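> The following block contains the structure, expressed as structure tokens.
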Amino acid sequence: MKITEIKSPEFLQELSLKELRELAEEIRKFLIENVSKTGGHFSSNLGTVELTIALHYVFNKQNDKLIFDVGHQAYTHKILTGRAKDFPTLRKKDGLSGFLKYSESPYDVWEAGHSSTSISAAAGFLEAKAQGADIGEVVAVIGDGSIQNGLALSALNYLGSRKNQKVIIVLNDNNMSISKNVGGLAKFFDRVRLRKSYQFFRKLTPKFLANLKLALSSYMHGGNILSAIGFRYFGPIDGHDLKELIRFFRFAKNSDHSIIIHVNTQKGKGYKPAENDSLGSWHGTAPFDPETEMPLNPVPPGKISWSEGMGRLLLEEAKRDEEIIVLCPAMIHGSGLLRFQKEIPERLLDVGIAEEHSVVMASALALAGKKPVVSIYSTFLQRAYDQVSHDVARPSLHVVFLIDRAGIVGGDGSTHQGIFDIAFLSHLPNKAIAAPKDLNEASGLLHYALHEHEGPFAIRYPRASTEEIPTECPEIPFGSWEIVLPLKRVNVVTYGPVVPEFEREILKSGKEIGLVNARYIKPLDENVLRMLAGRKAIVYEEVVRQGSLGMMMLASAEKAGLAIDFEFNAVPDMYVEHGEVDKIKKDLGLAIKDILAKC
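Per our numbering, residue -5 is the first one in the sequence shown, and the count goes up by one each step.
Right under this line is the structure:
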């Protein structure tokens, strides 16, 4: 059977073990061929091929709930459920999502993009089952990075006490989340992998293992915390051995007890560069040539990613000030901090997938006189909202937030668009928010945030490239805006890297249009706001309209009695799906040329 002809996983029952192994190799080749063309989550999917085949082979009833944590590692699941033919459209507008989607398939029973939700979801399905819902086996597949998050641990704790609700948890242990795992649980998993007793006992049958005395179980598992919570624990087993996977999954299916099956997989299996990657470089990729390993669309000469640029600026500041300590929740590579990690490792703390923890820890560092910087993606900062409010903004502590992937990010879709951070930060008292137009302006804002400001300060920037220009650390008065082009009857007010884009297009058009760089989103520049009285202000933002700069300007103008003719261009009240950034902007009415054409 051709991969693209697969309609549903039912055909797996007809295959021999040899044929299942051949299918796994064909799927792995298919993934390398297709993801190299489209980009997407790469190494995590190569590592879960056999695991996913075995899961669908054993848990094959229509009412079984197969829950993938995050969903980024479920490409094989998509293939087995009839979506292989759609892979050329992966992450493109109106194409196949890079995550699971309820709208794509009835087999996608849980939709997510953030980690550690699968076990809580399993608890919900189990409660519904207990109260009469037609639900079969409930299986949560979670990675060793995700299970360390407090949300997952809370769900484990809850289900450990629900003796009448059987859950099967598959712990996919590849010793990485995105890059190398950190923390005490990661070290525990390392010890379990290496323990010689496991290398012997893992060869025994699941039924025999289940009947071992508790003392022997304690010896094998080293006082396993997962067993102590209330689960029967098996593993680690080879996550690429289909025979062994099927054997243990069948045992779990027939058991009356909640079970955790710990499987070892190799992230990037089948593609050597990804197999050897410990930095997370192959976790998610842009389109690339699998022969040369080179990107098909490299960053142009003279340009640099915003992440890399901000990482360099932060490193320069940290070299001059030993009080600066950076916290990053499992995104060292993506946040452009590899050079920082190499040069000042003791002041870069990878806290794992633990956003809430990182913010609270930063609060205590600030109280102790340090200068903590939380480097985090916009979408993941949502997970720490309470801590930002309660532990940072409320006592007005000096914590700097570098918010990466702000704005429309494109292919990752509705779970990852960075369009909400201004809305959920702007209403917090004591919080300053800025968005630089280029790296030079960013250097001035970062220096001020670290050395002169006394409260919480957020600097947001997009997933994009920018000019690699000299950074002179200009002095930028707090709360000040820049009049880039002289004010006219019609003016554009915006912030971030679109400022130079608007400047180029306005000058090219020859139209009489003013341009304001509202680099401080909070506080507003009341002086420039008053200068806009009696004029038209076209406010452009790649964030949701509610809680945006435009709404703050409107409220401030009304309070001051300023007659400003506002036109708001922002994301409407919706979640933005995946696709190419330019196409998304066009659909949302945020194409710069289209806006200027109406002036």
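Even glycine gets a Cβ: it sits at the ideal position worked out from N, Cα and C.
This structure is a prediction, so every number in the text was calculated from the model and none was measured.
I need the straight-line Cα distance from Val575 to Gly404, nearest angstrom please.
Taking the straight line from one Cα to the other gives about 5 Å.
> So who's on the other strand from Phe24, going by DSSP bridges?
According to DSSP, Phe24 bridges with nothing at all.
> Leu90 by DSSP, collapsed to three states: which one?
Reduced to three states, the DSSP call for Leu90 is coil.
> Considering only their Cβ atoms, is the gap separating Lys336 from Ala426 smaller than 8 Å?
It is not a contact, given that the beta carbons lie outside the stated cut-off.
> Can you tell me whether DSSP reads Ile0 as helix, strand or coil?
It is coil, neither helix nor strand.
> Tell me the rounded alpha-carbon separation between Ser171 and Ser140.
With a pLDDT of only 48 at Ser171, under 50, the local geometry of the prediction cannot be trusted, and the value read off the model is given with reservation. Distance between the alpha carbons of Ser171 and Ser140 is about 7 Å.
> Kindly indicate which residue of Phe62, Glu131, Ser155 and Tyr152 has the alpha-carbon position closest to the one of Asp138.
Nearest option by C-alpha distance: Phe62.
> Helix or strand or just coil, what does DSSP make of Tyr442?
If DSSP states are grouped into helix, strand and coil, Tyr442 belongs with the helices.
> So, Ser110 versus Asn143, is the Cβ gap smaller than 8 Å?
In contact: Ser110 and Asn143 (Cβ atoms closer than 8 Å).
> Hey, which unbroken runs of the alpha helix (DSSP H) at 4 residues or more fall wholly within the region 82 to 130?
DSSP runs (the alpha helix (DSSP H)) wholly in the region 82 to 130: 112 to 124.
> Quick one, are the C-beta atoms of Pro491 and Ala443 less than 8 Å apart?
No; because the gap between Cβ atoms is not below 8 Å, this pair is not in contact.
> Does the beta carbon of Ser352 fall short of 7 Å from some heavy atom of the ligand MG?
By its list of ligands, the structure shown contains no ligand whatsoever, and the ligand MG lies outside what it can speak to.
> Would you say Tyr101 and Thr83 are within 8 Å of each other, going by their C-beta atoms?
Not a contact, by the Cβ cut-off of 8 Å.
> Out of Lys23, Phe245, Thr46 and Gly330, which one is the CA nearest neighbour of Leu6?
The candidate whose alpha carbon is nearest that of Leu6 is Thr46.
> Just the C-alpha distance for Met545 and Glu(-1), rounded to the nearest angstrom, thanks.
Their backbone Cα atoms lie some 51 Å apart in a straight line.
> Counting only the same chain and skipping the five closest in sequence on each side, list residues whose C-beta sits under 8 Å from that of Pro281.
Taken in chain order, the residues that qualify are Ser30, Lys31, Thr32, Gly33, Pro289, Leu290 and Asn291.
> Runs of 4 residues minimum, wholly inside the region 24 to 67: which ones carry the alpha helix (DSSP H) assignment?
Taking only runs of at least 4 residues, the alpha helix (DSSP H) segments lying wholly in the region 24 to 67 are 37 to 40 and 43 to 52.
> For Lys157, which of Asp250, Ala127 and Ala134 has the nearest alpha-carbon?
Cα-wise, what sits closest to Lys157 is Asp250.
> On the three-state DSSP scale, how would you describe Phe225?
Here Phe225 sits in coil by DSSP.
> One question on the structure: do Cys467 and Gly438 come within less than 8 Å of each other, judged by their Cβ atoms?
In this structure, Gly438 lies closer than 8 Å to Cys467 by Cβ.
> Pick out the complete beta strand (DSSP E) segments inside the region 506 to 547, 3 residues or longer, and give them in chain order.
Runs found: 507 to 511, 514 to 516 and 530 to 538.
> Tell me which same chain residues have a C-beta within less than 7 Å of the C-beta of Glu302, skipping the five on either side of it?
Hits under 7 Å: Gly330.
> Of the residues Asn511, Glu506 and Thr465, which one's Cα is nearest the Cα of Gly473?
Closest by alpha carbon: Asn511.
> Please report the residue range of the beta strand (DSSP E) in which Arg454 lies.
That run of the beta strand (DSSP E) goes Phe451 to Arg454.
> Quick one: using the 10 Å Cβ neighbour count with 16 as the cut-off for buried, is Ser155 buried or exposed?
When all chains shown are included, Ser155 counts as exposed.
> I need the straight-line Cα distance from Leu165 to Val533, nearest angstrom please.
Going by the C-alpha atoms only, they are around 48 Å apart.
> Leaving aside the five residues before and after Lys1 along the sequence, list all residues of the same chain whose C-beta is less than 8 Å from its C-beta, in chain order.
Closer than 8 Å at Cβ, skipping near neighbours: Gly76.
> Do Gly92 and His50 have their beta-carbon atoms positioned less than 8 Å apart in this structure?
It is not a contact, given that the beta carbons lie outside the stated cut-off.
> Alpha helix (DSSP H) containing Ala400: first to last residue?
Ala400 -> no alpha helix (DSSP H), and no H or E assigned at all.
> Going by Cα to Cα distance, which pick from Gly573, Val537, Asp406 and Ala417 is closest to Ala106?
Residue Asp406 is the option with its Cα nearest to Ala106.
> Between the region 363 to 380 and the region 54 to 74, can you find at least three pairs of beta-carbon atoms closer than 8 Å?
In short, these stretches do not touch, since the Cβ pair count stays below three.
> Hey, how far is the Cα of Leu440 from the Cα of Ile136?
When rounded, the distance between both Cα atoms is 37 Å.
> Near Ala48, what residues of its chain come up, given a Cβ to Cβ distance below 7 Å and the 5 sequence neighbours on each side ignored?
Same-chain partners within the cutoff: Leu236, Leu239, Ile240 and Phe243.
> For Asp432, name the three-state secondary structure that DSSP assigns.
In this structure, Asp432 counts as coil in the three-state DSSP scheme.
> Should the region 346 to 364 be called in touch with the region 411 to 427, which here means at least 3 C-beta pairs below 8 Å?
In short, these stretches do not touch, since the Cβ pair count stays below three.
> Residues in its own chain within less than 7 Å of Ile129 by CB, not counting five upstream and five downstream?
Excluding residues within five positions, the ones whose Cβ falls inside 7 Å are Asn57, Lys59, Phe119, Ala122 and Lys123.
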